[in-house]
Amino acid sequence: DAKTTQPPSMDCAEGRAANLPCNHSTISGNEYVYWYRQIHSQGPQYIIHGLKNNETNEMASLIITEDRKSSTLILPHATLRDTAVYYCIAEYSSNTGKLIFGQGTTLQVKP
Amino acid sequence: NAGVTQTPKFQVLKTGQSMTLQCAQDMNHEYMSWYRQDPGMGLRLIHYSVGAGITDQGEVPNGYNVSRSTTEDFPLRLLSAAPSQTSVYFCASRFNTGTHGYTFGSGTRLTVV
Numbered sequence: 001d002a003k004t005t006q007p008p009s010m011d012c013a014e015g016r017a018a019n020l021p022c023n024h025s026t027i028s029g030n031e032y033v034y035w036y037r038q039i040h041s042q043g044p045q046y047i048i049h050g051l052k053n054n055e056t057n058e059m060a061s062l063i064i065t066e067d068r069k070s071s072t073l074i075l076p077h078a079t080l081r082d083t084a085v086y087y088c089i090a091e092y093s094s095n096t097g098k099l100i101f102g103q104g105t106t107l108q109v110k111p
Numbered sequence: 001n002a003g004v005t006q007t008p009k010f011q012v013l014k015t016g017q018s019m020t021l022q023c024a025q026d027m028n029h030e031y032m033s034w035y036r037q038d039p040g041m042g043l044r045l046i047h048y049s050v051g052a053g054i055t056d057q058g059e060v061p062n063g064y065n066v067s068r069s070t071t072e073d074f075p076l077r078l079l080s081a082a083p084s085q086t087s088v089y090f091c092a093s094r095f096n097t098g099t100h101g102y103t104f105g106s107g108t109r110l111t112v113v
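Protein chains in written order, with our numbering: chain A, 1 to 111; chain B, 1 to 113.
What follows is the structure in structure tokens.
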């Protein structure tokens, strides 16, 4: 699986968009990009995933660059409850079932 | 639909004791995994399974055994507990189609004294 690189921490003002970057320059053509988050000590929560097209769901939007070497998770109107550690992971679509977490980005949403 | 259920939620063991952490899911997910998370650290994969009867090692398998006799259950066994196994353990499951991410349980907080 491709290695992903994320900034260790970011701040965002409440009500503003939070844009979390992820670099995956060695990603292969059949690897999906998945995003999860972990709020405090709870179990991680799946947010969104994509292959090459931009994706949007009720939680967030995922923008993947055309060369697929990086992506951005967008929380359009961050709230204090969005304060969490966000993980970007590349996983083979051939479904090995093996999901390896990196260090993630700690997002602090401030009032 | 209960999702992923982990039991117990808390456990204290003495060094050398053995125990089994239970994980059950009622979503008919083919894939299941176990992770541990040490204080202030990220999640590390212990073992995972892509279906009943099939298991494989993750990043930190030593000291743990798993089996997958049914689709629903994926127990994690600590053979001889050590203080280094003090951690929070998370179980997760998902379909094999990759159309959605993993669903995680709420965790088991284990302390080995």
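Glycine included, C-beta positions come from ideal geometry on N, C-alpha and C.
Excluding residues up to 5 positions away in sequence, Q6, V88, Y89 and F90 lie with their Cβ nearer than 7 Å to the Cβ of G107 of chain B in the same chain. A52 of chain B is a Cβ neighbour of R68 of chain B, given a cutoff of 8 Å.
Note that the C-beta distance between L43 of chain B and G58 of chain B is not below 8 Å. By the criterion of at least three beta-carbon pairs nearer than 8 Å, the region 60 to 78 of chain B is not in contact with the region 74 to 85 of chain A.
About 16 Å separates the Cβ atoms of F95 of chain B and C23 of chain B, ruling out a contact at the 8 Å cut-off. Residue-level contact by beta carbon holds for H100 of chain B and chain A, with a gap shorter than 8 Å.
Ranked by Cα distance from A2 of chain B, the first of B:V50, B:Q25 and B:Q37 is B:Q25. Taking the beta carbon of F104 of chain B as reference, the chain A residues within 9 Å of it are Y36, Q38, Q42, G43, P44, Q45 and Y46, listed in sequence order.
Against F90 of chain B, the close residues of chain A are G43 and P44, in the order they occur along the chain (beta-carbon pairs closer than 8 Å).
Counting only runs that start and end inside the region 57 to 93 of chain A, there is no alpha helix (DSSP H) element of at least 4 residues. Three or more Cβ pairs closer than 8 Å define a contact, and the region 12 to 24 of chain A falls short of that threshold against the region 9 to 24 of chain B. Residue-level contact check: S33 of chain B touches chain A, since one or more beta carbons of chain A fall below 8 Å from its beta carbon.
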